[in-house]
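Colleague:
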Amino acid sequence: MQTISFGECVAGAWRDAWNMALQRPLFIAVCTTAIFFTRFIQVSLGDLPAPHSLQVMLVIGMLWLVKLLLTNAVIVQAMRYVVLGDEAIAIDALGGRDYWRYLGLTYGLMVVMIVAVVGGTMLVATASRFLGIHGHARALYMTSACAMAMAAIWVNVRLCLLSSHVAIGRPLSWRAAWRDTHGHAMIIIGTWLTIALTICVAAVLLMGIAALISYAVRDGRHGPVIQFAQILVLVAAVSISGAGSGWIYRRYAMGLITPPRGL
Numbered sequence: 012m013q014t015i016s017f018g019e020c021v022a023g024a025w026r027d028a029w030n031m032a033l034q035r036p037l038f039i040a041v042c043t044t045a046i047f048f049t050r051f052i053q054v055s056l057g058d059l060p061a062p063h064s065l066q067v068m069l070v071i072g073m074l075w076l077v078k079l080l081l082t083n084a085v086i087v088q089a090m091r092y093v094v095l096g097d098e099a100i101a102i103d104a105l106g107g108r109d110y111w112r113y114l115g116l117t118y119g120l121m122v123v124m125i126v127a128v129v130g131g132t133m134l135v136a137t138a139s140r141f142l143g144i145h146g147h148a149r150a151l152y153m154t155s156a157c158a159m160a161m162a163a164i165w166v167n168v169r170l171c172l173l174s175s176h177v178a179i180g181r182p183l184s185w186r187a188a189w190r191d192t193h194g195h196a197m198i199i200i201g202t203w204l205t206i207a208l209t210i211c212v213a214a215v216l217l218m219g220i221a222a223l224i225s226y227a228v229r230d231g232r233h234g235p236v237i238q239f240a241q242i243l244v245l246v247a248a249v250s251i252s253g254a255g256s257g258w259i260y261r262r263y264a265m266g267l268i269t270p271p272r273g274l
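The sequence shown begins at 12 in my numbering and counts up by one.
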């Protein structure tokens, strides 16, 4: 779409995540507060006399699902903000059709990758037994599983543009996404690793400050101060990662935006 450098992707992810928080404060505040209380209730339920009862586990599972939906809403909103700008409506990031299409694509691919890795490993195990290969069987299984996991990650990277593409309401185009990332997989991985590293550094600093505050007010290691700091780190991390996806999309999505004739 346009000439964007590696550094612009990383810096843009942080900048746009911050700008989104400033321009959509109610959305971020609601998501952060809701995630905090779901987390707080989960911890409280874990302290009950019977934390592993069926009823408690069901409630914890429902709260986990709510937290998952909210964090994905922040990711989708960050993607939409980077690509669409002021046209990105916060309500569409949670209740819109594109949000549910994004969830279906993301977790559908995840399930397919897991099934492929597990199925491939089982196939290797069956074949090795059939061929009478018994020596170093565990090493063979682990090597096969690692190789298949790396292949799954590579395929996921090659298709990573589809997440932002679907989040902004565009139709799926597997071939165009695969073609747009051709020859760029390692750069995309490097971009993700750099963004993740900067997030980790900031998270360590923020949690260190939270620990000092918690110690000063004698809040304890698992008190509200630490828990709220953890939620802030989580929301900031998913915002930056979503914005990073948007910037990678802006950098490499050519065929997805202007597909060749006949496709």
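We put the CB at the ideal spot given by N, CA and C, even for glycine.
Cutting at 7 Å between CB atoms, please list the residues of its own chain near ALA136, excluding the five before and the five after it.
Modeller: TYR152
Colleague: Would you check if the region 205-217 and the region 247-260 touch, i.e. whether three or more CB-CB distances between them fall below 8 Å?
Modeller: yes
Colleague: Given this structure, state the Cα-to-Cα distance separating GLY219 from VAL236, to the nearest angstrom.
Modeller: When rounded, the separation of the alpha-carbon atoms in GLY219 and VAL236 is 12 Å.
Colleague: Quick check: what's the CA-CA separation for LEU69 versus LEU142?
Modeller: So the two alpha carbons sit approximately 45 Å from each other.
Colleague: To the nearest angstrom, how far is it from the Cα of SER184 to the Cα of LEU79?
Modeller: Our two residues, SER184 and LEU79, have alpha carbons roughly 26 Å apart in a direct line.
Colleague: On the criterion of 16 or more Cβ atoms from any shown chain inside 10 Å, does ALA188 qualify as buried, or is it exposed?
Modeller: Buried: at least 16 other Cβ atoms inside 10 Å.
Colleague: Below 8 Å on the Cβ atoms is my contact criterion, and I expect ILE179 with LEU74 to pass it. Report the Cβ-Cβ distance as a whole number of Å.
Modeller: Contact flag wrong, Cβ pair sits at about 30 Å.
Colleague: Go to MET31, then tell me how far its alpha helix (DSSP H) extends in each direction, as first and last residue.
Modeller: 17-34
Colleague: If you follow the alpha helix (DSSP H) that MET218 is in, where does it begin and where does it stop?
Modeller: 196-227
Colleague: Look up ARG149 in the DSSP assignment and say whether it is helix, strand or coil.
Modeller: helix
Colleague: In the DSSP assignment, find the alpha helix (DSSP H) that holds ASP109 and state where it starts and stops.
Modeller: 108-141
Colleague: When burial is assigned at 16 or more other CB atoms within 10 Å of the CB, is ALA150 buried or exposed?
Modeller: Exposed, since its Cβ has fewer than 16 Cβ neighbours within 10 Å.
Colleague: Taking 6 Å as the limit between beta carbons, can you name the residues of its chain near GLY255, skipping five residues before and five after?
Modeller: The residues are ALA24, ILE206.
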